[in-house]
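Peer 1: Residue numbers (full-length UniProt numbering): 1 to 233.
For every residue, glycine included, the Cβ atom is placed at its ideal position computed from N, Cα and C.
No experiment lies behind these values; they were computed from the predicted model shown.
Quick one: this structure, given as structure tokens, is what I'll be asking you about.
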Amino acid sequence: MDILWFVYKRKTLLFPSLIANLQASLQVTKRDMEGSFSSHFLAALIIFLSFTSCANLSSAARPAAEKASTEFIRTSCGTTTYPKLCYTSLSAHASVIQTSPKLLADTALAVTLSTARSTSSLMSKMVQSHGLKPREVAAMHDCVEELSDSVDQLRKAVGEMTQIKGSNFGLMMNDIQTWVSAALTDENTCTDGFAGNAMNGNLKTTVRARVVNMAHMTSNALGLINSYASLHN
1 MDILWFVYKR
11 KTLLFPSLIA
21 NLQASLQVTK
31 RDMEGSFSSH
41 FLAALIIFLS
51 FTSCANLSSA
61 ARPAAEKAST
71 EFIRTSCGTT
81 TYPKLCYTSL
91 SAHASVIQTS
101 PKLLADTALA
111 VTLSTARSTS
121 SLMSKMVQSH
131 GLKPREVAAM
141 HDCVEELSDS
151 VDQLRKAVGE
161 MTQIKGSNFG
171 LMMNDIQTWV
181 SAALTDENTC
191 TDGFAGNAMN
201 GNLKTTVRAR
211 VVNMAHMTSN
221 ALGLINSYAS
231 LHN
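Structure (structure tokens):
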């Protein structure tokens, strides 16, 4: 940010000077053209090259910041239960996360909530499928209910994270951890309903794949939230 501000200041200060010098060059008399134009043009050229150098510096700083952010995400995800999933789901948001534990936890929660909503929506559609056995229909209804509860818990956690303040940090963080833990329990309860051999193979595979992925993301989000909370203990 300091570099970008520096470039901006140089731009606002130097470009008027550049224009003034060029105007002066054009206004010289024919008699002074050879000497005066050369001196003005040289001054303008030096100023322009100085600005270009600053602009290149700011461009070079951006990749460095992005690299620092992705490495921060990789290192932080290394402490979670499912580090590969953690990194792949969050690295695309490196420009938002930067190197902030708070923004990392915020983003992990938001991404998890988005996944939970899409999974819950899919399960609601699948329960309407024809040809399901009574046992499968019952399990699907239970799963839809559990996932709806999970989405609600995650939604409350996301909302609380945006409101968290220093004076009430401990109490608010405890609520967030409780809600995310409850969401994870709901997700695991859903997958438990599809255990055993009584279920349709394709249905069980589809449901478990989606819900297990959702549960793993929730677990990772909880881990990153716990890491963020530990910084304030």
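1) Are at least three pairs of beta-carbons, each pair with one atom in the stretch 166-180 and one in the stretch 200-213, less than 8 Å apart?
2) When you compare the CB positions of leucine 113 and arginine 155, do they come within less than 8 Å of one another, or not?
3) Report buried or exposed for leucine 42, applying the criterion of at least 16 other Cβ atoms within 10 angstroms of its Cβ.
4) List the endpoints of the continuous alpha helix (DSSP H) containing lysine 156.
5) If you measure between the beta carbons of aspartate 186 and aspartate 149, is that distance less than 8 Å?
6) Would you tell me roughly how many angstroms separate the C-alpha atoms of residue 238 and leucine 224, rounded to the nearest one?
7) In three-state terms, what does DSSP make of serine 121?
8) If I follow the unbroken alpha helix (DSSP H) through asparagine 233, where does it start and stop?
9) Report the start-end ranges of each alpha helix (DSSP H) in the stretch 72-134 that is 4 residues or longer and not cut off at the edges.
10) Tell whether a beta-carbon distance below 8 Å holds between isoleucine 73 and leucine 85.
11) Could you check the C-alpha separation between arginine 135 and valine 144 for me, to the nearest Å?
12) What is the C-beta distance between threonine 81 and asparagine 220, in whole angstroms, given that I count them as a contact (C-beta under 8 Å)?
13) Is the beta carbon of methionine 217 less than 8 Å from the beta carbon of alanine 139?
14) Just to check my reading of the structure: methionine 107 and leucine 147 have Cβ atoms closer than 8 Å, yes? What is that Cβ distance to the nearest angstrom?
15) Proline 101: which of Pro83, Ser76, Met123 sits nearest, CA to CA?
16) Hey, out of Asn188, Ala110, Gly78, Ala182, whose CA is closest to valine 158's CA?
17) What does a CB cutoff of less than 6 Å around alanine 116 pick up in its chain, not counting 5 residues either side in sequence?
18) Where threonine 79 and leucine 231 are concerned, what is the direct C-alpha to C-alpha distance, given to the nearest angstrom?
19) Taking only three categories from DSSP, how would you classify glycine 201?
20) Is the CB-CB distance between alanine 229 and glutamine 163 below 8 Å?
21) Since alanine 105 and methionine 161 are thought to touch, with beta carbons under 8 Å apart, how far apart are those beta carbons, to the nearest angstrom?
22) Would you identify the three-state DSSP class for asparagine 168, choosing helix, strand or coil?
23) Apply the 10 Å Cβ neighbour rule to valine 207 and answer buried if 16 or more other Cβ atoms are within range, or exposed otherwise.
24) Can you name, in chain order, every residue of its own chain whose Cβ lies under 8 Å from the Cβ of valine 65, other than the five neighbours on each side?
Peer 2: Short version:
1) no
2) In this structure, arginine 155 lies closer than 8 Å to leucine 113 by Cβ.
3) Residue placement at leucine 42 is poorly supported in this model, since its pLDDT is 49, which falls under 50; the coordinates still yield a value, given next. By the neighbour-count rule (16 or more Cβ atoms within 10 Å), leucine 42 is not buried but exposed.
4) 134-163
5) A distance below 8 Å separates the beta carbons of aspartate 186 and aspartate 149.
6) Only positions 1 to 233 of the chain appear in the structure, and residue 238 is not among them; the question remains open.
7) helix
8) No alpha helix (DSSP H) holds asparagine 233; DSSP gives it neither H nor E.
9) 83-90, 94-97, 101-126
10) no
11) When rounded, the distance between both Cα atoms is 14 Å.
12) 7 Å
13) no
14) Per the sequence presented here, residue 107 reads as threonine, with methionine not at that position. That pair is no contact at about 21 Å.
15) Nearest C-alpha to proline 101: Ser76.
16) Taking only the C-alpha atoms, the option nearest valine 158 is Ala110.
17) Ser150, Val151, Leu154, Met214
18) 14 Å
19) helix
20) no
21) 7 Å
22) In the structure shown, asparagine 168 sits in coil (DSSP, three-state: anything other than H, G, I, E or B).
23) buried
24) It should be pointed out that residue 65 corresponds to alanine in this sequence rather than to valine. The beta carbon of alanine 65 sits closer than 8 Å to those of Gln98, all from its chain and outside the five residues before and after it, given in chain order.
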